[in-house]
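Accompanying notes for the structure given below.
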Amino acid sequence: MTSPATATPPGRAAPLFAAAILPLAFLAWHLRFFVDDAFIVFRYAENWANGLGPVYHEGELVEGFSDLAWVLLMSLAARLGAPLDASAHLLSGLCTLATTALAADVLARLPISKAARYGGALSVGLSADLAAWTTGGLETALFTLALFGLWRELTRDGGGAALAALFGGLLVSARAEGVLWLVGVFFAVTVADRQRWRSHLQLIFPGLMVFALVLTWRMYTFGELLPNTVHAKAGMDGETLSRGLRYIASWFVVSITPLIATILALRALRSPAAKLALSAGVLVDGGVLFALLSGGDWMPFFRFLAPTVPFLAVLIAAGLHGRDGRAGWRTALPLLGCLSAFGLHLLPAQARVALDFRGFKDGYETELQRLEKARRNIPTWRMIGRALREHAQEGDSIVLGAIGAIGYESGIRIHDRNGLIDPEVMRVAVRVPGRSAGHERRVSRQRFLRPPLDRAPTWFAARAVKRPLSSVDEFAAREAAALVMRNVIAGDSRDDVLRDSCIPEVAPLGDDGSPLLLRYTEDTARARAYWERALREQP
Numbered sequence: 103m104t105s106p107a108t109a110t111p112p113g114r115a116a117p118l119f120a121a122a123i124l125p126l127a128f129l130a131w132h133l134r135f136f137v138d139d140a141f142i143v144f145r146y147a148e149n150w151a152n153g154l155g156p157v158y159h160e161g162e163l164v165e166g167f168s169d170l171a172w173v174l175l176m177s178l179a180a181r182l183g184a185p186l187d188a189s190a191h192l193l194s195g196l197c198t199l200a201t202t203a204l205a206a207d208v209l210a211r212l213p214i215s216k217a218a219r220y221g222g223a224l225s226v227g228l229s230a231d232l233a234a235w236t237t238g239g240l241e242t243a244l245f246t247l248a249l250f251g252l253w254r255e256l257t258r259d260g261g262g263a264a265l266a267a268l269f270g271g272l273l274v275s276a277r278a279e280g281v282l283w284l285v286g287v288f289f290a291v292t293v294a295d296r297q298r299w300r301s302h303l304q305l306i307f308p309g310l311m312v313f314a315l316v317l318t319w320r321m322y323t324f325g326e327l328l329p330n331t332v333h334a335k336a337g338m339d340g341e342t343l344s345r346g347l348r349y350i351a352s353w354f355v356v357s358i359t360p361l362i363a364t365i366l367a368l369r370a371l372r373s374p375a376a377k378l379a380l381s382a383g384v385l386v387d388g389g390v391l392f393a394l395l396s397g398g399d400w401m402p403f404f405r406f407l408a409p410t411v412p413f414l415a416v417l418i419a420a421g422l423h424g425r426d427g428r429a430g431w432r433t434a435l436p437l438l439g440c441l442s443a444f445g446l447h448l449l450p451a452q453a454r455v456a457l458d459f460r461g462f463k464d465g466y467e468t469e470l471q472r473l474e475k476a477r478r479n480i481p482t483w484r485m486i487g488r489a490l491r492e493h494a495q496e497g498d499s500i501v502l503g504a505i506g507a508i509g510y511e512s513g514i515r516i517h518d519r520n521g522l523i524d525p526e527v528m529r530v531a532v533r534v535p536g537r538s539a540g541h542e543r544r545v546s547r548q549r550f551l552r553p554p555l556d557r558a559p560t561w562f563a564a565r566a567v568k569r570p571l572s573s574v575d576e577f578a579a580r581e582a583a584a585l586v587m588r589n590v591i592a593g594d595s596r597d598d599v600l601r602d603s604c605i606p607e608v609a610p611l612g613d614d615g616s617p618l619l620l621r622y623t624e625d626t627a628r629a630r631a632y633w634e635r636a637l638r639e640q641p
């Protein structure tokens with residue numbers, strides 16, 4: 103798609119790569135974290151590596167993940183005996199490294215000025231979104247590599263069939279909607295270069311074959327064409343679209359890079375790299391459309407839109423060059439992309455609050471605040487999980503909303519309120535207005551006691567007390583138990599009836615703290631008497 107006579111020799115990519123990877127590595131270290139959903143993948147991966155198959159619970163074939171390729175890679179790491187948390191960070195880091203190298207190569211080949219190329223490289227290196235999802239523990243970095251790598255093979259002269267097959271196969275297996283992106287890449291490159299549509303189709307054909315194999319395997323293994331996680335989502339309606347619009351608007355004013363690309367778009371389409379800029383822009387638009395229709399995501403730093411970053415870099419580089427090649431002060435614009443990594447913003451807080459898309463009961467959070475909360479939560483939930491592993495008896499179970507870290511560390515049966523790993527729950531879940539994106543449909547804790555579920559779980563909830571406790575008779579334990587119950591009811595008013603169905607229990611864990619559990623009991627009188635006393639004694 104670029105003319106060899108005007109393209110910069112590939113060797114010129116090394117300085118661009120350095121300009122991008124150095125700040126990106128710093129930001130990735132600064133923003134390193136794990137999201138709870140990563141531990142769902144880890145549990146599936148370990149079970150698969152241990153010969154149990156792709157299951158969360160032994161003997162129950164439910165596809166409670168949407169990233170088959172990532173689960174397979176984590177399963178391979180588990181089979182080799184590697185720690186999965188470190189493996190996830192390492193593999194994600196390598197994927198981002200490769201994506202950055204490919205972006206530098208594309209930028210080096212653009213027939214634009216040197217300053218414009220460096221502006222594009224900096225927009226990659228200073229992207230807080232790309233940096234954050236270089237960690238996180240999910241498939242985002244792998245998906246970004248597959249998407250951008252496939253696009254690069256289709257747009258460059260003499261694109262390699264082997265690499266196109268590799269990236270296409272990864273793309274359709276890294277996410278459930280990956281095949282839509284495969285078709286989107288074909289559409290984006292064909293819009294910009296219609297004469298080569300046959301060669302483009304040949305290059306994406308292996309990806310279509312891999313998708314057919316994935317569908318066949320899914321039907322054979324799970325008996326479903328789509329993962330259970332897709333069915334568990336809220337679906338598309340007015341509330342989903344409204345949330346998606348706020349998600350996109352927040353991305354523009356918080357991440358800044360997409361706003362810069364939009365401002366420079368007209369200049370980009372008048373530049374010598376207009377065809378590549380148009381193709382990249384179509385894929386950015388595709389990402390925006392997906393975010394709109396899916397309603398966005400609750401995780402930090404715009405996970406659904408992070409894969410657009412290298413495409414935004416192409417747009418920005420072409421836009422900086424424009425028609426005359428005079429980038430000037432505009433080359434500094436990509437510096438704005440790292441502001442959110444440090445909690446800094448161009449838009450006042452009041453305006454950002456109006457665009458809140460998460461719906462958390464605690465109110466608006468910046469991307470950095472959401473990431474820092476994950477950093478606090480994950481160690482606590484892993485601690486609770488380890489305590490449960492030691493405390494639980496065979497056959498014990500617990501009701502959870504966040505099923506990742508606690509479920510992975512405990513290994514016990516989890517009753518998933520969101521139905522991600524449980525089709526029975528998914529079928530009776532109802533939409534709860536104002537819930538966080540992706541978790542709108544769920545069941546209350548007390549619902550597990552009623553038909554058609556009738557589960558009678560061992561525990562309804564778990565919270566960490568930051569002090570060692572020996573029993574719930576201590577005042578500190580009674581205080582904590584009352585707080586736990588208040589939080590349970592505040593999260594869902596339907597769970598008020600649990601005052602008649604549970605009593606607190608301590609799961610000691612040495613000096614690290616004491617997970618406090620709400621144990622199910624059929625002794626209604628005892629439970630009611632305990633909570634009347636405990637809640638009355640607290641302010």
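So for the sequence shown, the numbering used here puts the first residue at 103; every next one is plus one. Note that the Cβ used here is the ideal one computed from N, Cα and C, for glycine as well. Note that this is a predicted model, so its numbers are computed, not measured.
Report back the beta-carbon spacing between residue i and residue j to the nearest angstrom; my notes put them in contact at under 8 Å.
| i | j | result |
| --- | --- | --- |
| LEU438 | ILE358 | 4 Å |
| SER189 | LEU414 | No, SER189 and LEU414 are not in contact; Cβ-Cβ is about 29 Å, not under 8 Å. |
| PRO402 | ARG472 | 4 Å |
| ALA379 | LEU435 | ALA379 to LEU435, Cβ: 16 Å. No contact. |
| LEU502 | ARG519 | 7 Å |
| SER512 | ARG478 | SER512 to ARG478, Cβ: 19 Å. No contact. |
| GLY221 | THR433 | 5 Å |
Please work out which residues of its chain come closer than 7 Å, Cβ to Cβ, to residue i, disregarding the five sequence neighbours upstream and downstream, and give them in chain order.
| i | result |
| --- | --- |
| VAL390 | ILE350 |
| ALA180 | ALA147, GLU148, ALA151 and LEU186 |
| HIS447 | VAL356, LEU441 and ARG454 |
| ALA629 | ARG601, ASP602, SER603, CYS604, ILE605 and THR623 |
| ALA115 | ALA206, ASP207 and ALA210 |
| ALA489 | ALA609, LEU611 and PRO617 |
| ALA176 | Correcting the residue identity first, residue 176 is Met in this sequence and not Ala. Answer for MET176: VAL143, PHE144, ALA147, LEU186, SER189 and ALA190, listed in chain order. |
Might you give, ordered along the chain, the residues of its own chain that have their beta carbon closer than 6 Å to the beta carbon of residue i, omitting 5 neighbours on each side?
| i | result |
| --- | --- |
| GLY465 | none |
| CYS197 | ALA243, LEU244 and LEU247 |
| ALA408 | ASP231, LEU232, TRP235 and THR242 |
| ALA290 | SER381, VAL384 and LEU385 |
| PHE324 | LEU163 and GLU165 |
| VAL173 | VAL143, TYR146, ALA147 and PHE167 |
| GLY238 | VAL137 |
| LYS463 | none |
| LEU637 | ALA584 |
| LEU256 | VAL291, HIS302 and LEU305 |
Applying the criterion that 16 or more other CB atoms from any shown protein chain within 10 Å of the CB defines a buried residue, is residue i buried or exposed?
| i | result |
| --- | --- |
| ARG219 | buried |
| ASP139 | buried |
| PHE144 | buried |
| SER595 | exposed |
| PHE444 | exposed |
| PRO450 | exposed |
| TYR632 | buried |
| ARG547 | buried |
| THR108 | Residue placement at THR108 is flagged as unreliable, the pLDDT there being 39, under the threshold of 50; the coordinate-derived value follows with that caveat. With fewer than 16 Cβ atoms within 10 Å of its Cβ, THR108 is classed as exposed. |
| ASP625 | exposed |
| VAL532 | exposed |
| ASP339 | exposed |
| SER301 | exposed |
| PRO553 | exposed |
| TRP400 | buried |
| ASN330 | buried |
| PRO106 | Confidence is the limiting factor: at PRO106 the pLDDT is only 32, short of 50, which leaves the residue's position unreliable, though a coordinate-based value still follows. That one is exposed. |
Measuring only between beta-carbons, confirm whether residue i sits less than 7 Å from chain C.
| i | result |
| --- | --- |
| ARG425 | In the displayed structure, chain C is absent; only one protein chain is listed. |
Keeping to the same chain, check which residues put their C-beta closer than 8 Å to that of residue i; ignore five residues upstream and five downstream.
| i | result |
| --- | --- |
| GLY286 | VAL384, LEU385 and GLY388 |
| VAL332 | SER168 and ALA278 |
| THR110 | For THR110, the predicted structure reports a pLDDT of 47, less than 50, and the residue's modelled location is therefore unreliable. A value from the coordinates is still provided. Excluding sequence neighbours, THR110 sits near ALA210, ARG211, LEU212, PRO213 and ARG219. |
| ARG348 | GLY398, LEU457, ASP458 and PHE459 |
| PHE250 | THR201, LEU204, ALA205, PRO409, PRO412 and PHE413 |
Does the region 121-129 come close enough to the region 155-167 that 3 or more CB-CB pairs lie under 8 Å? no
Should the region 255-269 be called in touch with the region 498-514, which here means at least 3 C-beta pairs below 8 Å? no
At a cut of 8 Å, does the region 423-430 reach the region 366-380 through at least three beta carbon pairs? yes
Give a yes or no on contact between the region 333-352 and the region 299-319, applying the rule of three or more CB pairs nearer than 8 Å. no
Tell me the start and end of each unbroken beta strand (DSSP E) in the region 399-472 that is at least 3 residues and wholly inside, in chain order. none
With three or more C-beta pairs closer than 8 Å as the rule, is the region 467-487 touching the region 605-619? yes
As an exercise, report each continuous alpha helix (DSSP H) stretch of at least 4 residues that is fully enclosed by the region 506-558, in chain order. 507-512 and 525-530
Is the number of C-beta pairs between the region 277-286 and the region 202-217 that are closer than 8 Å three or more? no
Threshold first: 4 residues or longer. Then list the alpha helix (DSSP H) segments lying entirely within the region 563-606, N to C. 577-593
In chain order, which beta strand (DSSP E) runs of at least 3 residues are fully inside the region 205-282? none
Uninterrupted alpha helix (DSSP H) stretches inside the region 331-374 (no shorter than 4 residues): 340-357 and 359-370
My parser needs the alpha helix (DSSP H) runs of 4 or more residues fully inside the region 159-213; what are they? 170-181 and 186-211
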